[in-house]
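Trainee:
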Amino acid sequence: MKYLSILLLSLFISVPTIGQDIQTDFKSDANTIIGAAMGNDIGFERLTYLVDNFGPRLSGSENLENAIDWIVETMKEDGFDKVWKQPVMVPHWVRGNESATLKAPITRDLPMLGLGGSIGTPKDGITAEVLVVNSFDELEARSDEAKGKIVLFNAPFTTYGQTVQYRVNGASAAAKHGAVASMIASVASYSIQTPHTGVMRYQDGIKKIPHAAITVEDANMIQRFAERGEKVEVHLYMEAMTLPDAQSHNVIAEITGSEFPEEIVVMGGHIDSWDVGQGAMDDGGGCVAAWEALRLIKESGLRPKRT
Numbered sequence: 002m003k004y005l006s007i008l009l010l011s012l013f014i015s016v017p018t019i020g021q022d023i024q025t026d027f028k029s030d031a032n033t034i035i036g037a038a039m040g041n042d043i044g045f046e047r048l049t050y051l052v053d054n055f056g057p058r059l060s061g062s063e064n065l066e067n068a069i070d071w072i073v074e075t076m077k078e079d080g081f082d083k084v085w086k087q088p089v090m091v092p093h094w095v096r097g098n099e100s101a102t103l104k105a106p107i108t109r110d111l112p113m114l115g116l117g118g119s120i121g122t123p124k125d126g127i128t129a130e131v132l133v134v135n136s137f138d139e140l141e142a143r144s145d146e147a148k149g150k151i152v153l154f155n156a157p158f159t160t161y162g163q164t165v166q167y168r169v170n171g172a173s174a175a176a177k178h179g180a181v182a183s184m185i186a187s188v189a190s191y192s193i194q195t196p197h198t199g200v201m202r203y204q205d206g207i208k209k210i211p212h213a214a215i216t217v218e219d220a221n222m223i224q225r226f227a228e229r230g231e232k233v234e235v236h237l238y239m240e241a242m243t244l245p246d247a248q249s250h251n252v253i254a255e256i257t258g259s260e261f262p263e264e265i266v267v268m269g270g271h272i273d274s275w276d277v278g279q280g281a282m283d284d285g286g287g288c289v290a291a292w293e294a295l296r297l298i299k300e301s302g303l304r305p306k307r308t
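Numbering (my numbering), first residue to last: 2 to 308.
(1) What is the rounded straight-line gap between the Cα of residue 169 and the Cα of residue 267?
(2) Count the other C-beta atoms from every protein chain shown that fall within 10 angstroms of the C-beta of residue 198, then say buried if there are 16 or more, exposed otherwise.
(3) Quick one: residues in its chain with C-beta nearer than 6 Å to the C-beta of residue 111, no 5 flanking neighbours on either side, listed in chain order?
(4) Check the DSSP bridge columns for residue 152 and list the partner residues they point to.
(5) Taking the alpha carbon of residue 194 as the point to measure from, which residue in 217, 182, 160 has its own alpha carbon closest?
(6) Using a threshold of 8 Å, state whether the C-beta atoms of residue 254 and residue 76 are closer than that.
(7) Please confirm whether residue 260 and residue 308 have their CB atoms less than 8 Å apart.
(8) How about residue 94 and residue 118: do their beta carbons lie closer than 8 Å?
(9) Ends of the beta strand (DSSP E) at residue 59?
(10) Would you mind sorting residue 154 into buried or exposed? The rule is 16 or more other CB atoms within 10 Å of its CB.
(11) In angstroms with no decimal places, state the Cα-to-Cα distance between residue 187 and residue 282.
(12) Figure out for me which residue from 256, 92, 248 has the closest Cα to the Cα of residue 297.
(13) Name the DSSP bridge partner or partners of residue 235?
(14) Assess contact between the stretch 133-148 and the stretch 171-183, defined as three or more Cβ pairs (one per stretch) separated by less than 8 Å. Is contact present?
(15) Out of curiosity, what's the CA-to-CA distance linking residue 129 and residue 105?
(16) Going by CA-CA distance only, name the one from 151, 136, 138, 190 that's closest to residue 161.
(17) Tell me which residues share the same chain as residue 127 and place their Cβ nearer than 6 Å to its Cβ, disregarding the 5 neighbours each side in the sequence.
(18) Indicate whether residue 37 and residue 301 have their beta-carbon atoms separated by less than 8 Å.
(19) Could you give the first and the last residue of the continuous alpha helix (DSSP H) run that contains residue 168?
(20) With residue 293 as the anchor, note down where its alpha helix (DSSP H) starts and where it stops.
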């Protein structure tokens, strides 16, 4: 996620010249770190504390700032040479209440999630016919059908990098042809009753429209209705809005290098997470893994040459 609070940690990695055997002392240091890592559950315990006690950590939220404060205090207890917070402005998007309802050819609620950065609908929502397309190329070929409709991108999942383009860029692609809203099948091979959120972006100069994700299975059902020639109509309601940027903090912990302190090796992850889960993998696990790597170096009594 772009523009996120970042947990920065320093780690020294010794790399031998290609073709040479790894020096014995490097092997010894590596084995010491590996042994320390395998011998305790501190990293896992800290991850579970982070996600259980602070939960969703959307940028601009109180949960995120509370998590940052806990991380800073705990890092200080770890005894790193320096630990500090660096002020940074972050986006402040708020989801609000939201829903999607299939109105025709049958009536049923559709599990949905607004996509991060999307605008909301008017206060009464949007009710419109759905145009189902499987690709940007198909949208271009059927662009004369898009005006006044909700465009549903039901792109088959190939790779994350390819399929996520419909989440990121779908709204502006649909709005360019007069669509009033857009939806995507969640970026996954299947999602059952669990839609997936994620970041989206608007292109400058193109009207902003609401953008949401529904489940893979519901997207396939809607496509089947459309292929049978049945009119598909959806009511979409979203209160999403973007507030002014909020102040947050990067968290930086440092072990100062013994010989080349001005040369810096950096590793880390983003502390914030989406608002509909605990952010254990995205990116709590990444943050804690980086933090734990630094802690293990210190615990092992090693002093890297570089900061």
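Don't be surprised by glycine CBs; every beta carbon is placed ideally from N, CA and C.
Mentor: The answer reads as follows:
(1) 28 Å
(2) buried
(3) 101, 103, 215, 219
(4) 132, 183
(5) 217
(6) yes
(7) no
(8) yes
(9) Counting along the chain, residue 59 falls outside any beta strand (DSSP E), and DSSP gives it neither H nor E.
(10) buried
(11) 18 Å
(12) 256
(13) 103, 129
(14) yes
(15) 10 Å
(16) 190
(17) 181, 182, 237
(18) yes
(19) 161-176
(20) 286-300
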